[in-house]
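Below is one structure, written out as structure tokens; the observations come after it.
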């Protein structure tokens, strides 16, 4: 009735309000109640369908606007009126869209359990009503009841709070969760001279420029907390740092694989695309024999989200290192593409008039990450300077052969010698991927809960750890790696690796066919060739009602450093009454030491001990020059405080950028310990 494209785009947004001067002729158009469909939508579908743009060009006179508009209105008016009544009736049955001011405070069903800071009920209601009118009730969830605060599971994540809560369950609680349907819902588009052109105005008329979420938040300085899909497990999940923030669930509706390019070996994805999604796409499109993806331990995470947090993968590729080109909504609502993406693709008739977010990317945008001038991509990693809506990622070309392996190391002190063996092999690329040195309890926890091994609740002793290692036919430390390339290359590499590790007395060597079906090597065999799994979820159940924090300091690939970090973290875990569970993941020149602090989230005393443990470890490691690369919401301020060289010049620089780019402080305040000027650090610091 409005033309296929008109109907499709009408669902994406609303017209400007009648008092908006964005389009001077807008007040001449009646709109269809509660639908976002109006005469501009009809005009757009009609004009574009019959390509009237070739006959009407650069009509800039407002009187001409009105004349043409009223002519179309006269022709289509009766149909529009009828359609309006039908759609209004249908809409009233589908959902009730709240109107500002239609309820008193006591009657308002949108009153959240917690309001955003410095936002009163009236302002919050107006914001929610604006957003509901924009994205629909299905995409807005106001947290009005404690029944909505459900920890759920990794497979069915919560978007309201941190499910692995180390503080009170509702400490990092959202006031509402909003799921934008597209980029236009998020950004605010400023009117330009171009919009005096009729066809441009018609093409943009159903874009929600004046009701976009970012503009509405800026109007009242309401804090937003963007997430991709909320599976930031062990680091805070979807929970916002500022209690009462509105969580933007970017992945619910924006989950498209926009491109997979075999020739260039890259993909372009939206926030909701998971590692599992991409793998399945490659398999279903017969591309798995050509391209692999770099995956983390858990394959259900967002490719875009995990990359922005600089997560770890285990193929020869890396997430962050291999990203190439971003599209970002800035805090003022402006849309930016980075690197070569800032260079427009050559104009073509079929792309003329497309909104910026719909325009094709430059053909080099996913091939060369830097472009010209300052390289700004890093400003959007672990930051609060924008919302990344699209990202390019390089894919790993099938290497022509693959072999995973396990080397078990029998003694605790073998860690030192192993790390010193690994360093030259990794630097020389004999070790091609990101290998891991896993503590016995990490593997044991994947294979079963603590009750499978002991009836005691205290930390296990060295003798008990040796007994578990013997039972599972593993070492106190277990080294997982992989070989890539044709068989002759793999054979030569394996001879070098096996020869080097044979210097450790008692070291044993295994391929997947040598171990039982439930062995961790089978999981690592998949992960290291880019096949995502969820098997690593099992170690969280080491304790009843299992939850976890990650403590993630960086270490040199030096045996003494590894032993020193292990000694400190193991001792502190024992003092807290918790077992040490951890792994060293080996990069090119450093190691991520990932300590998995597993606790019973229904045991308040154990939660307090786990919280004290991570805070103590942060100070212990900082005193020795070891800093964390990523952390949980509850300790972001503390860790940023350890990066204090030259009286905190690093933090001050980030604060200057934050206040310049986000003057109203709406974008993820407190993320990574960076606060806008509206928030007192003394008040908000944890």
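Residue numbers (UniProt numbering): 1 to 686. Ideal Cβ placement from N, Cα and C applies to all residues, glycine included.
{"Query": "Residue environment, residue 714, which counts as buried when at least 16 other CB atoms sit within 10 Å", "Result": "Look at the range of the chain in this structure, 1 to 686, and you will see that residue 714 is not part of it."}
{"Query": "Touch test, the stretch 379 to 392 against the stretch 323 to 332, Cβ-Cβ under 8 Å, three pairs minimum", "Result": "yes"}
{"Query": "Best match in 240, 506, 481 for proximity to residue 417 [C-alpha to C-alpha]", "Result": "506"}
{"Query": "Rounded separation between residue 685 and residue 669 - CA only", "Result": "11 Å"}
{"Query": "Continuous alpha helix (DSSP H) stretch holding residue 650: start and end", "Result": "645 to 661"}
{"Query": "C-beta contact flag for residue 579 and residue 415 at 7 Å", "Result": "no"}
{"Query": "Residue 673 in three-state terms, based on DSSP", "Result": "helix"}
{"Query": "Nearest neighbour of residue 125, chosen from 520, 187, 598, 222 [CA to CA]", "Result": "222"}
{"Query": "Alpha helix (DSSP H) runs contained entirely in the stretch 255 to 284, provided each spans 4 or more residues", "Result": "275 to 284"}
{"Query": "DSSP-derived helix/strand/coil call for residue 250", "Result": "coil"}
{"Query": "Residue 132 to residue 168 span [Cα, whole Å]", "Result": "30 Å"}
{"Query": "C-alpha distance - residue 154 paired with residue 457, whole-angstrom precision", "Result": "26 Å"}
{"Query": "Inter-stretch contact (C-beta, 8 Å, three-pair minimum) for the stretch 227 to 247 and the stretch 355 to 363", "Result": "no"}
{"Query": "Whole beta strand (DSSP E) elements within the stretch 503 to 561, 3-residue minimum", "Result": "508 to 510, 546 to 551, 554 to 556"}
{"Query": "Segment contact flag, the stretch 392 to 411 with the stretch 278 to 298, C-beta cutoff 8 Å, min 3 pairs", "Result": "yes"}
{"Query": "Which of helix, strand or coil DSSP assigns to residue 664", "Result": "coil"}
{"Query": "Limits of the beta strand (DSSP E) - the one that residue 392 falls within", "Result": "387 to 394"}
{"Query": "Extent of the continuous alpha helix (DSSP H) to which residue 494 belongs", "Result": "487 to 501"}
{"Query": "Which of helix, strand or coil DSSP assigns to residue 592", "Result": "strand"}
{"Query": "Limits of the unbroken beta strand (DSSP E) element including residue 408", "Result": "402 to 409"}
{"Query": "Proximity to residue 173 [Cα-Cα], best of 157, 244, 650, 525", "Result": "244"}
{"Query": "Cβ contact check for the stretch 545 to 562 and the stretch 615 to 630: 3 or more pairs under 8 Å", "Result": "yes"}
{"Query": "Bridge partners - residue 599, DSSP secondary structure assignment", "Result": "547"}
{"Query": "For residue 629, the three-state DSSP class (helix, strand or coil)", "Result": "coil"}
{"Query": "Residue 127, enclosing alpha helix (DSSP H) - first and last residue", "Result": "121 to 135"}
{"Query": "Close-in-space but distant-in-sequence residues of the same chain around residue 128 (CB under 7 Å, 5 per side omitted)", "Result": "110, 140, 142, 176"}
{"Query": "Identity of the residues DSSP links to residue 302 by a beta bridge", "Result": "274"}
{"Query": "Run of the beta strand (DSSP E) containing residue 143, from where it starts to where it stops", "Result": "Residue 143 -> no beta strand (DSSP E), and no H or E assigned at all."}
{"Query": "For residue 149 and residue 577, the rounded distance between their alpha carbons", "Result": "29 Å"}
{"Query": "Beta bridge counterpart(s) of residue 326 as assigned by DSSP", "Result": "391"}
{"Query": "Contained beta strand (DSSP E) runs [length at least 3] in the stretch 444 to 484, N- to C-terminal order", "Result": "477 to 484"}
{"Query": "The stretch 437 to 455 touching the stretch 472 to 492, judged by at least three CB pairs closer than 8 Å", "Result": "yes"}
{"Query": "Boundaries of the alpha helix (DSSP H) in which residue 642 is found, first to last residue", "Result": "636 to 642"}
{"Query": "Three-state secondary structure (DSSP) of residue 436", "Result": "strand"}
{"Query": "Bridge partner(s) assigned by DSSP for residue 292", "Result": "396"}
{"Query": "Coil, strand or helix - residue 227 by DSSP", "Result": "strand"}
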